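> Residue numbers (this note's numbering): 669 to 831. The structure follows.
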């Protein structure tokens with residue numbers, strides 16, 4: 669009889685806490701998913717969809733990552749950004765810390781789910797793209813994220829019930 673009572677107590681505890689625990693899992697996995705997309709420079713859906721590379725030529729057709737020359741043709745000074753711009757991560761900048769788009773995402777638990785948002789006004793333009801600006805999606809519906817959260821839910825349920 670003791671084991672039946674223990675099982676009933678486990679199930680009651682599980683039922684009481686499942687909603688908050690599952691929204692916690694969704695919250696953590698969602699933020700990690702967004703950060704992973706920035707790190708991978710692409711959107712993870714059923715596979716990695718890489719972002720279009722940054723433009724390295726200015727409006728006058730000059731390479732923004734090279735040295736400029738003076739009128740005589742001798743090598744001039746390094747341009748404004750120089751080598752720093754050559755291998756710079758897309759949408760991130762020269763350093764990964766600070767008040768950048770990738771660090772601006774927040775979450776809010778609402779009803780039975782989690783809402784992901786950012787305070788950056790330009791975030792939607794980057795995520796969806798514009799007529800002359802390439803789409804660089806980092807959040808949205810994803811099979812990869814669904815699979816990750818489903819796996820975490822399964823492990824959570826097994827650990828709580830003790831199967």
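All C-beta atoms, glycine included, are put in the ideal place defined by N, C-alpha and C. It should be emphasised that the depicted structure is a prediction, and the values quoted were computed from it without experimental measurement.
How about residue 818 and residue 693: do their beta carbons lie closer than 8 Å?
It is not a contact, given that the beta carbons lie outside the stated cut-off.
> So, helix, strand or coil for residue 698, using DSSP?
Residue state, collapsed to three classes: helix.
> Give the range of the alpha helix (DSSP H) segment to which residue 811 is assigned.
Its alpha helix (DSSP H) spans residues 811-829.
> Do residue 712 and residue 718 count as a contact pair if the criterion is CB distance below 8 Å?
Contact: no.
> So, for residue 691: in the same chain, excluding its five sequence neighbours on each side, which residues have a beta-carbon less than 6 Å away from its beta-carbon?
Hits under 6 Å: 777, 782.
> For residue 702, does the count of other Cβ atoms within 10 angstroms reach 16, so buried, or fall short, so exposed?
Classification for residue 702: buried.
> Let's test the definition: count the other Cβ atoms within 10 Å of the Cβ of residue 706 and tell me whether it reaches 16, buried, or not, exposed.
It counts as buried.
> State the Cα-Cα distance for the pair residue 669 and residue 685, rounded to the nearest angstrom.
Residue confidence for residue 669 is low, a pLDDT of 49 falling below 50, so the modelled location carries little weight and cannot support an answer.
> Which residues in the same chain have their Cβ closer than 6 Å to the Cβ of residue 714, if we skip the five residues on either side of it in sequence?
So the qualifying residues of the chain are 811.
> Count the other C-beta atoms from every protein chain shown that fall within 10 angstroms of the C-beta of residue 822, then say buried if there are 16 or more, exposed otherwise.
Per the 10 Å Cβ criterion, exposed.
> Buried or exposed: where does residue 679 fall if 16 or more other Cβ atoms within 10 Å of its Cβ makes it buried?
Under this definition residue 679 is an exposed residue.
> Identify, in the order they occur along the chain, each residue of the same chain with its Cβ nearer than 6 Å to the Cβ of residue 828, setting aside the five sequence neighbours on each side.
Contacts found: 682.
> Report the three-state DSSP secondary structure of residue 703 (helix, strand or coil).
Correct three-state label for residue 703: helix.
> Once DSSP output is grouped into helix, strand and coil, what is the label at residue 717?
Strand, per DSSP.
> Report back the beta-carbon spacing between residue 773 and residue 699 to the nearest angstrom; my notes put them in contact at under 8 Å.
Indeed, because the Cβ distance is near 6 Å, the residues count as touching under 8 Å.
> Would you kindly work out how many angstroms separate the C-alpha atoms of residue 820 and residue 708, rounded to a whole number?
If I take the Cα positions, the gap works out to 22 Å.
> Do you know how far the Cα of residue 687 is from the Cα of residue 674?
One C-alpha to the other measures close to 21 Å.
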